[in-house]
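Numbered according to full-length UniProt numbering, the sequence shown terminates at residue 193, and the numbering increases by one at each position without gaps. A virtual CB, placed ideally from N, CA and C, is assigned to each residue, including glycine.
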Amino acid sequence: MPNRVCISIPTKGSVRAEMMEWTLRAFVELAPEVEVQIVNEGLPLEHVRNVQAQRFLATKCSHLFLLDADCVPVQGTIQRLLSHDLPIVSAPHPTLKGPDRVLMALTASNGAYTEHRPQQGLQMVDAVGSSGLLIERSVFEKLPRPWFRCQYDEDGLLYRTEDFYFCERAKEHGYDIWADYELVQAHIKAMAV
């Protein structure tokens, strides 16, 4: 069976034009072995990620590609990720942690996550952000639900996001997490000046 990819994009009603342009190009390049799903739910991201996985499992697609509405991958990202033939592989995206730009491909150390090094080529990591993440169907079939969950401490403060929870659960079930540093996405944020 050929690879068939479901590109799934969560939104609360708006998307970046650059991301839509990328998605349309990817659709043309991958057709007919591609579907695009827009998940427009105003609910917490952990809920939306589980909806994305459920909708994906209702398709005949072999892989789910999660893409956030404010991220823009490099052209050819899905094809390159597929060429690695790995169950879980990411095109990392940058984010801001305070004033610092951090790539969301991380290594676990002493109960915390730090930016993985070296940042070149294909690297095994401990956790990645969800945007730009390609996941084989078999991963969802093997992992117990919920696949994505935020975790909070006794004061109700978030200490683990849904993407790290997914990565930790996948590792517990024998999967490795990979990041391809040749495919770093743009992450576009509106900022007050």
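- In chain order, S131 place their CB closer than 6 Å to the CB of D68, counting only its own chain and leaving out the 5 sequence neighbours on each side.
- In this chain, S83 is not harboured by any beta strand (DSSP E); it is covered by the alpha helix (DSSP H) spanning 77-83.
- DSSP places M19 within a helical segment (H, G or I) once states are collapsed to three.
- Here E46 is near R149, since their CB atoms are less than 8 Å apart.
- Counting the other Cβ atoms within 10 Å of the Cβ of Y159 gives fewer than 16, which makes it exposed.
- The beta carbon of L86 lies closer than 7 Å to those of W178 in the same chain, with the five residues before and after it left out.
- Per the coordinates, the alpha-carbon of I188 lies some 29 Å from the alpha-carbon of S62.
- Burial is judged here by how many other beta carbons sit within 10 angstroms of a residue's own beta carbon; V193 has fewer than 16 and is exposed.
- Here R145 carries a coil assignment [DSSP, helix/strand/coil].
- In this structure, DSSP gives R4 a state outside helix and strand, which the three-state scheme calls coil.
- Taking C-beta atoms as the reference points, I88 and I135 count as a pair closer than 8 Å.
- Comparing C-alpha distances from T23 to each of V74, R145, L183, R4 shows the shortest one belongs to V74.
- For D68, the three-state secondary structure derived from DSSP is coil.
- D163: member of the alpha helix (DSSP H) spanning 162-172, first to last residue.
- The residues N40, in chain order, have a CB closer than 7 Å to that of G13 in the same chain once the five nearest residues on each side in sequence are set aside.
- Taking a cut-off of 8 Å on C-beta distances, the stretch 26-38 does not touch the stretch 91-102, as fewer than three cross pairs fall below it.
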